[in-house]
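Taking it in order: structure first as structure tokens, then the write-up.
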Amino acid sequence: MTEREKLGLMSARAEVWTMGVGLPRLTARLAERAEAAGWDGMLVVDSQNLAGDPYVGLATAAGATERLLLGTGVTNPWTRHPAATACAIASVQGESGGRAVLGIGRGDSSLAYLGLAPASVEAFSSYLTLLQTYLRGDAVAFDDARAWGGDAPPPVDRLGLGAGPGSSRLEWLGFLGDAPKVPVDVAATGPRVIETAARLADRVTFAVGAEPERVAWAIETARRAALVGRVPDAPLSLGAYVNVVVHPDPAVARELASGSLASFARFSVMHGHSTGPVADDERAVLESIHHAYDMTAHTRAGTPQAAAVTADFADHFAVLGPADHCLRRLRELLDLGLDHLMIIGGSIGADRKEVGLASTRFVEEVLPGLR
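Following our numbering, the numbering of the sequence shown begins with 20 at its first residue and continues without gaps.
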């Protein structure tokens, strides 16, 4: 029995996703290229000050593709009421013929550009509960619907209607026919979010880097939480966000990955204290990234946070170098029990030609070996 079977994972064949962007007249073209290249799915970021609306982008991508899975990478529990989030992704589910995935985390740049820190784990848990209820087509009590997001308008009772809804639900979901419920995929780094996701979500995608020890820790954390807090026999898909740059020269690969790598490494030290198993030298790098981080240059190369990434840290946290090395590292992660990988390529601001060549190498020399 494989680790995937032991963990009750959803798919025997690993999904491999790429990152896209929600920009008008661009997202659909990116999705077409991703599907033609053989990717299983494409994520679109939800960060309203830095990119266009993800659901509009995903809807256009749905119309331009036939089999490509489409998801948010990731949304947050603050900028939309859970009913609005459920409505948006369910609409993408209908447009795509059942290919949507709702990726969600506690919020990063989307909230930072509103002057806010990530949502608390408690608020995130409450949001997930409401979100899943809406996506199932079930009713949410008005008290729960009104409790989201702080100050709400007065109750509808104030209107003195002759009749009105007694609860909140997506009344139109039946229009989708037999389309399956949209799976909710939580981006998780710390133990409390991993545990919450394992109890409440359909998928958990770890943002802990590519070191087998850290990924194994995350898997075990999710498995323990699922055993005690999840509906028995409910399938759970586990995956990971992985920074990958394929280049024959590891030094060039590190340079191309540095900005996006620093952004993902920061999740492991979001509030100044590292999470999960980490060596002392790695902890020092994480703390340097945290203290240096410039959110106005989020995911970019040539930034203070990118400069804080050492060669040794990069080689452990990410998957960088020749194709055979990258394939071996990624297979090791899948063998731990993952069934999907979200591949993060080169950084914004890095050499565009080299980033493009690295992406081509991944598609031609690594992706086939993950099948």
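For glycine and all other residues, C-beta sits at the position ideal for the given N, C-alpha and C.
Simplified DSSP assignment, three categories, for residue i
i, result
"residue 36", "strand"
"residue 22", "At residue 22, the pLDDT of 48 sits below 50, so the modelled position is not reliable and the matter cannot be decided from this model."
"residue 359", "strand"
"residue 28", "Any reading at residue 28 is ruled out, since the residue's pLDDT is 45, under 50, leaving its predicted position unreliable."
"residue 281", "helix"
"residue 226", "coil"
"residue 318", "coil"
"residue 66", "coil"
"residue 343", "helix"
"residue 98", "coil"
"residue 248", "helix"
"residue 132", "coil"
"residue 312", "coil"
"residue 294", "coil"
"residue 149", "helix"
"residue 122", "strand"
"residue 265", "strand"
"residue 208", "coil"
"residue 240", "helix"
"residue 351", "helix"
"residue 257", "strand"
"residue 76", "helix"
Buried or exposed (CB count within 10 angstroms, at least 16 for buried), residue i
i, result
"residue 307", "buried"
"residue 184", "exposed"
"residue 315", "exposed"
"residue 379", "exposed"
"residue 68", "exposed"
"residue 23", "Summary for residue 23: the model assigns pLDDT 46, below 50, so the residue's position carries little reliability; its value from the coordinates is reported in the next sentence. The residue is buried, with at least 16 neighbouring Cβ atoms inside 10 Å."
"residue 283", "buried"
"residue 170", "exposed"
"residue 331", "exposed"
"residue 252", "exposed"
"residue 121", "buried"
"residue 357", "buried"
"residue 199", "exposed"
Rounded C-alpha distance that separates residue i from residue j
i, j, result
"residue 365", "residue 39", "12 Å"
"residue 55", "residue 109", "25 Å"
"residue 338", "residue 201", "30 Å"
"residue 61", "residue 175", "40 Å"
"residue 299", "residue 247", "32 Å"
"residue 297", "residue 281", "16 Å"
"residue 278", "residue 173", "45 Å"
"residue 34", "residue 352", "13 Å"
"residue 115", "residue 81", "5 Å"
"residue 347", "residue 187", "49 Å"
"residue 163", "residue 64", "28 Å"
"residue 178", "residue 257", "47 Å"
"residue 143", "residue 245", "17 Å"
Short Cβ contact (9 Å threshold) for residue i with residue j
i, j, result
"residue 1", "residue 359", "Shown here, the chain extends from 20 to 390; a query on residue 1 therefore has no answer."
"residue 36", "residue 386", "no"
"residue 342", "residue 275", "no"
"residue 97", "residue 138", "yes"
"residue 88", "residue 119", "yes"
"residue 269", "residue 340", "yes"
"residue 206", "residue 153", "no"
"residue 250", "residue 237", "no"
"residue 215", "residue 140", "yes"
Can at least three beta-carbon pairs, one atom from the region 126 to 134 and one from the region 155 to 171, be found at a separation below 8 Å?
Using a Cβ-Cβ distance cut-off of 8 Å, the region 126 to 134 and the region 155 to 171 are not in contact, since fewer than three pairs of beta carbons, one from each stretch, lie closer than that value.
Touch test, the region 102 to 122 against the region 66 to 77, Cβ-Cβ under 8 Å, three pairs minimum
Three or more Cβ pairs closer than 8 Å define a contact, and the region 102 to 122 meets that threshold against the region 66 to 77.
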